[in-house]
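Mapping of the sequence shown onto our numbering: position 32 corresponds to residue 14, and the numbering continues sequentially without gaps.
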Amino acid sequence: MLDKIKTKINLLKEKAGNLSVLYVEDELELRQGISSFLNKIFTNIDTASNGLEGLEKYTNKEYDIVITDIQMPKMNGLEMIKKIKEIKKQQEIIVVSAYTDSIYFTESISLGVTGYIIKPIDFPQILKMLDQSIYKLSAFRENEMYKVNLETMVKERTQTILTLQNEKIQNYQHAIQSLVKMMEARDTYTGGHSQRVAEYSKDIAQVMGLTLAECNMIYESGILHDIGKIVTPDAILLKPNSLTQDEYSLIKDHVTVGYNILNEIPMYKELADIVHAHHEHYDGSGYPKGLDGDSIPILSRILAVADAFDAMTTQRVYKPRKTISQAIQELEKYSDSWYDPKVIQSATEVFKFVDLKNNAKQLPSTFIDDERFAYFYKDPLTHLYNHYYLDFILQSQRDSKKELYLNVVYIRGFSRYNKKHGWSEGDIILRDFSDYLRKKYHSYQLFRIFGDDFVLLSEEDFELDVNKINSLALFEANSLSCSSRYINLQKTNIHSFKDLQ
């Protein structure tokens, strides 16, 4: 990879000639680092630490290429770009920013920037952008040199414009894909969900006999149908349990936000209308416009069914997934009310052959996932799982063939200890005991419930040694003790933490 980058830098250096570059960035360390990188390609590099300084330098000495951040003091990047475009409309500008707000992204596109790169900087991508800018500048210069030959010049210029248009499309696609990747980074479920919905939608469209162009269009719509969730707050997007009415009202805005993002980009205008209507219901009870029947675009009607099927057949923490037959029954139940009966008929044929093995589960698989998961399902005092997650495990166990064994540990005398020493001292006891359980029983799932009671859960049959726990200095020194209860969940009707009472 490093060798390829070096080779690309050398090739660009040959092409760049005496082209000049202005790099505007307020972070000193990053400005120095990228300037050093750019010096490997260009011989004429100037830098500025904010938009105002950058505009002053540009006014005194126009540059071939301007590379700029967005969020900067005195004058931000977008304000500077507008001023520069007033001076030179065709100025080559590349935005390199950590700022991912959709408004800034769409405004950059409307200003006609060559590309929008999201930090941290992907060097192969910035090299590609620079290659395109150098190519464009070189092409225009060559056209000037050969303008005596009108026919040749027209052909070359036409080809250059077509090439640049294709490159601009690729840049837009890259930017949109970057937004989708950002969503996946925030919520891995959403990313996998979008891919599956795209595939389901295309398969349904093919069964319904839609054209190749329509099938491709609905696939792209499926990939982008939740792009509006880029502005949905993490506290709502990542919430593993059911949403409140107010939270649901906020998340419904994602269809309008998605429409606004896509509608700003000419190549995505057709997709914008499809995405906007994918939560409309056939009977008019959906959102955002309350469209009904054939007033809902057919591709949106297909997307709605694929979206609902994947939501039902994907394991969520607050809702076990349905089987394929259960999901189909649910879709048929709402045929002619929420969903188009013709779409349901074709979708049923597609869903019968779906393989659910690779469907995502909204459970933590990495340290980062686990930390974000903890926001909702871990006890803030002990960092053990709380009773909400225990409920999920117990409810899921009903539909699972796994054998689970559970030990409940009850701390005796804890209320008396709290009254005598205070709640803050009691919290220390709970944290210390949780640390002991975590070290001693690290292979078990550990929960804190009812304040001073704990649960150890395992797929291995085991029964806790209470005497060993009671011999801990933590208990003996503070006149505390504990008792335990062993439960084989296969032999009980316990399906929630309240049943343990």
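Ideal Cβ positions, reconstructed from N, Cα and C, are used throughout, including at glycine.
(message) When you measure from the CB of Asp235 to every non-hydrogen atom of the ligand MG, does any distance come out below 7 Å?
(response) Because no ligand of any kind appears in the structure shown, any question about the ligand MG cannot be addressed here.
(request) Under the assumption that Leu20 contacts Asp113 (Cβ atoms under 8 Å), give the Cβ distance between them as a whole number of angstroms. (result) Between Asp113 and Leu20 the Cβ distance is about 13 Å, and since that is not below 8 Å, they are no contact.
(message) Using 8 Å as the threshold, is the C-beta distance between Tyr485 and Asp443 below it?
(response) Outside the displayed range of the chain (-17 to 483) lies residue 485, so it cannot be described from this structure.
(message) Is the beta carbon of Ile52 closer than 8 Å to that of Tyr86?
(response) With contacts defined by Cβ atoms closer than 8 Å, Tyr86 and Ile52 form a contacting pair.
(message) What would DSSP say about Lys221, mapped onto helix, strand or coil?
(response) Residue state for Lys221 is assigned as coil, using DSSP reduced to three classes.
(request) Let me know if Phe374 comes out buried or exposed under the rule of 16 or more other beta-carbons within 10 Å of its beta-carbon. (result) Phe374 sits buried, since 16 or more C-beta atoms from the chains shown fall within 10 Å of its C-beta.
(request) Closer than 8 Å by C-beta to Lys43: which residues in its own chain qualify, once you throw out the five before and the five after it? Chain order, please. (result) Cβ neighbours of Lys43 within its own chain (closer than 8 Å, five residues either side excluded): Ser2 and Asp28.
(request) Would you be able to state if there are at least three C-beta pairs under 8 Å between the stretch 284 to 293 and the stretch 239 to 252? (result) Output reads no: the stretch 284 to 293 does not touch the stretch 239 to 252.
(message) Please state whether the Cβ-Cβ distance between Gly59 and Gly94 is less than 8 Å.
(response) For the 8 Å CB-CB criterion, Gly59 and Gly94 do not form a contact.
(message) Please tell me whether Val325 and Asp185 are closer than 8 Å, where the distance is taken between their beta carbons.
(response) Contact check for Val325 against Asp185 fails: the beta carbons are separated by 8 Å or more.
(request) Determine the direct distance from the alpha carbon of Tyr182 to that of Phe457, and round the result to whole angstroms. (result) Pairing Phe457 with Tyr182, the inter-Cα distance amounts to about 57 Å.
(message) Using only the alpha-carbon positions, how far apart do Ser224 and Ala195 sit?
(response) One C-alpha to the other measures close to 38 Å.
(request) Please classify Asp216: is it buried, with 16 or more other beta-carbons within 10 angstroms of its beta-carbon, or exposed? (result) Flag for Asp216 reads exposed.
(message) The beta strand (DSSP E) that contains Gln427, what's its start and end?
(response) Counting along the chain, the unbroken beta strand (DSSP E) around Gln427 starts and ends at Gln427 to Ile431.
(request) Could you pull out every residue in the same chain whose Cβ sits closer than 7 Å to the Cβ of Pro55, ignoring the five residues on either side in sequence? (result) Within the same chain, Pro55 has close Cβ partners Asp8 and Asn32.
(message) Taking 7 Å as the limit between beta carbons, can you name the residues of its chain near Lys64, skipping five residues before and five after?
(response) By the criterion of a C-beta distance shorter than 7 Å, Lys64 is surrounded in its chain by Leu93, once the five residues flanking it on both sides are discounted.
(message) Please report the straight-line C-alpha distance between Trp405 and Phe396, rounded to a whole angstrom.
(response) Each residue's Cα considered, the two are about 10 Å apart.
(request) Identify every residue that forms a DSSP beta bridge with Glu74. (result) Paired residue(s): Ile47.
(message) Suppose contacts are defined by Cβ-Cβ distances below 8 Å. Is His263 in contact with Val237 by that definition?
(response) At the C-beta level, His263 and Val237 stay beyond 8 Å of one another.
(request) Could you work out which residue in Ser17, Ile23 and Ala187 is closest to Asn(-8) when comparing CA atoms only? (result) When only C-alpha atoms are compared, the closest one is Ile23.
(request) Measure from the alpha carbon of Ile69 to the alpha carbon of each residue in Lys39, Ser79, Ile256 and Lys118, then state which is nearest. (result) Nearest C-alpha to Ile69: Lys39.
(message) Restricting to runs no shorter than 4 residues, where is the alpha helix (DSSP H) found entirely within the stretch 207 to 279?
(response) As far as the stretch 207 to 279 is concerned, its whole alpha helix (DSSP H) runs of at least 4 residues are 216 to 219, 227 to 233, 236 to 245 and 251 to 258.
(message) Please classify Gln14 as buried or exposed, where buried requires at least 16 other C-beta atoms within 10 Å of its C-beta.
(response) With fewer than 16 Cβ atoms within 10 Å of its Cβ, Gln14 is classed as exposed.
(message) Suppose you measure from the CA of Gly36 to the CA of Gly240; what does that come to, to the nearest Å?
(response) Whole-angstrom Cα-Cα distance: 33 Å.
(request) Taking all protein chains shown into account, decide if Arg398 is buried (16 or more other Cβ within 10 angstroms of its Cβ) or exposed. (result) Exposed.
(request) Could you check what DSSP says for Ile23 in three-state terms: helix, strand or coil? (result) Three-state DSSP puts Ile23 in coil, outside helix and strand.
(request) Please report how far the alpha carbon of Ser231 lies from the alpha carbon of Val213, in whole angstroms. (result) Those two C-alpha atoms are separated by around 14 Å.
(request) Answer yes or no: do Leu446 and Val391 have a C-beta to C-beta separation smaller than 8 Å? (result) Taking 8 Å as the Cβ cut-off, Leu446 and Val391 qualify as a contacting pair.
(message) Would Asp274 and Ser319 qualify as a contact pair, given that the criterion is a beta-carbon distance under 8 Å?
(response) Cβ distance not < 8 Å, so Asp274 and Ser319 don't count as in contact.
(message) Does chain D have any CB closer than 8 Å to the CB of Leu388?
(response) Of the protein chains in this structure there is only one, and it is not chain D.
(message) Could you check whether Ser328 and Val189 sit closer than 8 Å to each other, using their CB atoms as the reference points?
(response) Cβ distance < 8 Å, so Val189 and Ser328 count as in contact.
(message) Assuming Leu428 and Phe436 are in contact, meaning their beta carbons sit under 8 Å apart, how far apart are those beta carbons, in whole angstroms?
(response) Their Cβ separation, rounded to whole angstroms, is 7 Å, which keeps Leu428 and Phe436 in contact under 8 Å.
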